[in-house]
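The end of the sequence shown is residue 180 by our numbering, with every number in the run present.
Worksheet: one structure, shown below.
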Amino acid sequence: MDILHLVDRLEELFNESRTLPFTRNAVVDEDKMLDIIDQMRVTIPEEVKKAQQVVSQRDRIIAQAQEEAARITALAREKAEQMVERETLVRSATIRADQILAQARADAQATRRDADDYVIEGLQHLEDEMSRLLNQVRNGLRKLEEERLHSPSPAPQPPGGTGAASAAPASSVEPEQPVE
Numbered sequence: 001m002d003i004l005h006l007v008d009r010l011e012e013l014f015n016e017s018r019t020l021p022f023t024r025n026a027v028v029d030e031d032k033m034l035d036i037i038d039q040m041r042v043t044i045p046e047e048v049k050k051a052q053q054v055v056s057q058r059d060r061i062i063a064q065a066q067e068e069a070a071r072i073t074a075l076a077r078e079k080a081e082q083m084v085e086r087e088t089l090v091r092s093a094t095i096r097a098d099q100i101l102a103q104a105r106a107d108a109q110a111t112r113r114d115a116d117d118y119v120i121e122g123l124q125h126l127e128d129e130m131s132r133l134l135n136q137v138r139n140g141l142r143k144l145e146e147e148r149l150h151s152p153s154p155a156p157q158p159p160g161g162t163g164a165a166s167a168a169p170a171s172s173v174e175p176e177q178p179v180e
């Protein structure tokens with residue numbers, strides 16, 4: 001039986017009772033009153049037990065909700081850490097890629113500079129060699145001109161040339177010494 005129903009019955013019993021004149025006292029049927037009180041004694045522990053069960057169930061639901069909240073919070077924290085870690089990895093990879101690219105550009109520029117230096121050195125060597133050869137050619141031409149101007153004109157020779165002049169050259173050309 002419901003405790004509220006028993007309280008209603010008790011109130012009804014009291015309202016049906018007779019009041020004593022000139023007092024606030026009432027005459028109540030003792031058997032009915034004790035019967036309701038006995039029923040209350042039986043019902044109250046059941047109601048308390050039900051209330052305890054409700055409280056226990058409420059506590060269990062709250063504990064489950066707290067566990068779920070803790071689990072969701074842990075998952076969210078883990079997800080956030082993974083995202084931060086991923087972001088850190090991406091940032092590190094980007095920085096490393098930029099470093100590698102900068103190093104590759106620097107290496108390419110150094111290789112280009114070394115190649116240019118090598119070509120310049122080779123061309124300078126070639127220019128020096130060409131200048132030396134040009135000087136030898138000019139010296140040779142100058143000597144030939146000088147010899148031609150300083151030597152007497154050769155005598156005309158008969159065709160078929162049987163003389164001593166045809167056996168030896170008119171002038172001898174010495175090997176050139178480089179002019180510095």
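Note that beta-carbon positions come from the ideal geometry of N, C-alpha and C, so glycine has one too.
- Boundaries of the alpha helix (DSSP H) around THR73: 30-150.
- Going by DSSP, ARG24 is part of no alpha helix (DSSP H) at all; its letter is neither H nor E.
- In this structure, the beta-carbon distance from ARG9 to ILE36 falls below 8 Å.
- Straight through space, the alpha carbons of THR111 and GLU146 are spaced by roughly 52 Å.
- When beta bridges are read from the DSSP output, ARG18 appears opposite VAL27.
- With a threshold of 16 other beta carbon atoms within 10 Å, LEU6 meets it and is buried.
- In this model, THR94 and ALA76 are separated by some 26 Å (Cα to Cα).
- Using a C-beta cut-off of 8 Å, the stretch 22-37 makes no contact with the stretch 51-64, since fewer than three inter-stretch Cβ pairs fall below that distance.
- Taking C-beta atoms as the reference points, LYS32 and LEU20 fail to come closer than 8 Å.
- Between the beta-carbon of GLU68 and that of ILE3 there is about 35 Å, and that puts the pair past the 8 Å contact cut.
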